[in-house]
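Step one of this worksheet: look at the structure below.
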Amino acid sequence: MTQPILFKNSLSIALLALVQTTLSAIVSVASLFGFAYSSGMDMNAQFPPLFVTSMVLCLMLVRPPGDIHSQITLQPELAVLRLVIQWLLVIAILLFASLILHHPLHPFRIFVAWALITPLILIVLTLVTMSIARRLLIGASNNRAAIFAGYNEISRALANELKNNPALRLQVKGFFDDRGYERLGIEDNGELNGKLTDISEFVKANNIDVIFVALPMRHVQRVLDLLDDLRDTTASIYYVPDIFVFDLIQARFAEINGIPVVAMCETPFHGYQGIAKRLMDIAVSGVALTLLSPILMGAAIAVKISSPGPIIFKQRRYGLDGQEIAVYKFRSMRVTEDGAKVTQASKNDSRITKVGAFLRKSSIDELPQLFNVLQGRMSLVGPRPHAVAHNEEYRKLIKGYMVRHKVLPGITGLAQVSGCRGETARLEEMEARVNYDLEYLRHWSLRLDIKILFLTAYKVFKDDKAY
């Protein structure tokens, strides 16, 4: 959905946005032509189709790093990651099309060189255009003045964000509210400039560019009256809904055929973010299985000779969207419970074998779940899946329990590295674990996943709750 226009219009900004939109297609075709020409090859019938196909794919898939106005605060590493993922998708489609159509990408060495060098050129040019965008946007001519209609928690929060982020070049000139300082229960700090009926004259007298209407949704008539008063001004008006008083998970705005909607509870793994997480899961789990294969074989042999029963214990647990999945573990107990009642392992549990105690303490018993990750049933990092019997018990006792299933369950998670590992003998312990899981959903990033993986490796040998 379109970002709020917090900057004044500029022909140079519009041209830069156009350049960013077509940059990938231009660079793709130019670099392909350069490689073919420098190799002394004739531009025969094989190259024009590749020129056209790559150009179309780039225009469709290799998009600019967000709205040009949002690039002022966008982290460069996120822009680079997004670009690399988009380029890999283009290459994958070209290879797949070549295979299906039996039309080899000949000469293949030119295609490989083009596929490797082009993204490097794109990364450099993207960072350059982002830098130019920042310089244009933070220029003094882009300063805008803003006021708030409504003095409440959401308007103060947004005002603080604007004040703490000077790069947005939006200066808060005050608040308007029909209640005085006494009714608001605050001290006279000079932030209130008057009542709602005073806004129109204040806007015209002080050259206000932006008005944020932060009145509660129940005050519809006050909002309509205010909009009617402001028809005589040229200020941009934005409504700031007070839905954020609710406990939201990955809240964001979107539209369906022009009708605005607000996501109040949604997965963070959408678009390229989901692709990036999945690629990391596949790469890390594949490398881990290769490097740890001797340990996996040794554990399997130890489980087999230590006690009767299967090597791998498969337990039904809830996965993405609450669908049942089979989670793999090395068997560490003399029993394999997976019914309507499952008793959690406790300290000095007599059901745990001697080999199983070591496997659980070292977390080696969890390693077979790397195969779950490759299958796409689990992720390296996410809320830990619980037995179906436990899920059915706790979903009735803990508010928001099932929200944790908006994402793939993980081998490890924020709760586990925050001390919430092992037996949950009391309801408060499971509530704490769920709270960490929901916190993970609210603030997910690849950086957080990597941090959790490193903390997990560190805590394997430090955690006394593993038994």
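Residue numbers are given in our numbering: position 337 of the sequence shown equals residue 539, and the series is strictly consecutive.
Glycine included, every Cβ here is placed at the ideal spot set by N, Cα and C.
Residues bridged to residue i (per DSSP)
i: G396; result: F378
i: S581; result: G612
i: E526; result: Y520
i: R454; result: A465
i: I554; result: M535
i: A437; result: For A437, which the question treats as bridged, DSSP gives no partner whatsoever.
i: F414; result: F350 and Y440
i: Q373; result: A347
i: A589; result: R519
Inter-residue CB distance, residue i and residue j (contact presumed, cutoff 8 Å)
i: A347; j: N409; result: 6 Å
i: K479; j: D651; result: 7 Å
i: L291; j: L263; result: 6 Å
i: L582; j: D483; result: 5 Å
i: V605; j: I451; result: 6 Å
i: A504; j: V557; result: 5 Å
i: D380; j: L394; result: The Cβ separation is near 10 Å, so there is no contact.
i: V286; j: T469; result: Wrong, their Cβ atoms sit about 22 Å apart, outside the cutoff.
i: G524; j: H607; result: 5 Å
i: L426; j: I401; result: With 8 Å as the limit, L426 and I401 do not qualify as a contact, their Cβ atoms being about 14 Å apart.
i: V374; j: A359; result: Their Cβ separation, rounded to whole angstroms, is 12 Å, which puts V374 and A359 out of contact at 8 Å.
Beta-carbon contacts of residue i that lie in its chain and below 8 Å, excluding the five residues immediately before and after
i: G396; result: F378 and F404
i: A342; result: Residue placement at A342 cannot be trusted, given a pLDDT of 49 that sits under 50; what the coordinates show is reported in the next sentence. If we look at A342 and ignore the five residues flanking it on each side, it has no Cβ neighbours.
i: P278; result: L329 and M332
Residues of its chain near residue i, where Cβ-Cβ distance is below 7 Å and the 5 sequence neighbours each way are ignored
i: L372; result: L208, R346, A348, L364 and V412
i: S233; result: W316, I319, T320 and I323
i: I312; result: F237, A238 and S241
i: E633; result: I600
i: E641; result: L616
i: V282; result: I325
i: P266; result: Q222 and T223
i: K406; result: T435
i: N574; result: V529, Y530 and M580
i: A681; result: The structure shown does not extend to residue 681, since the chain is modelled only from 203 to 669, so the question has no answer here.
i: A437; result: V405, I410, D411, V412 and I413
i: R284; result: P267 and Y474
i: I566; result: I497, A501 and F532
Beta-carbon contacts of residue i that lie in its chain and below 6 Å, excluding the five residues immediately before and after
i: L576; result: S487
i: F414; result: F350, Y440 and V442
i: L491; result: L572
i: Q288; result: L263 and V264
i: R424; result: L417
i: D639; result: P585, R606 and A617
i: G376; result: I349, E393 and N395
### Message
List, from N- to C-terminal side, the beta strand (DSSP E) runs of 3 residues or more that fit wholly inside the region 281–359.
### Response
346–351
### Message
Any contact between the region 283–297 and the region 249–259? By contact I mean 3 or more CB pairs, one from each, below 8 Å.
### Response
yes
### Message
For the structure I just gave you, are there three or more beta carbon pairs, one from the region 348–361 and one from the region 314–331, closer than 8 Å?
### Response
no
### Message
Which complete beta strand (DSSP E) runs does the region 469–518 hold, if anything under 3 residues is left out?
### Response
none
### Query
Quick one: any contact between the region 214–227 and the region 300–315, if contact means 3 or more CB pairs under 8 Å?
no
### Message
Any contact between the region 591–599 and the region 551–570? By contact I mean 3 or more CB pairs, one from each, below 8 Å.
### Response
no
### Query
Okay, do the region 643–662 and the region 610–624 touch, 3+ Cβ pairs below 8 Å being the bar?
yes
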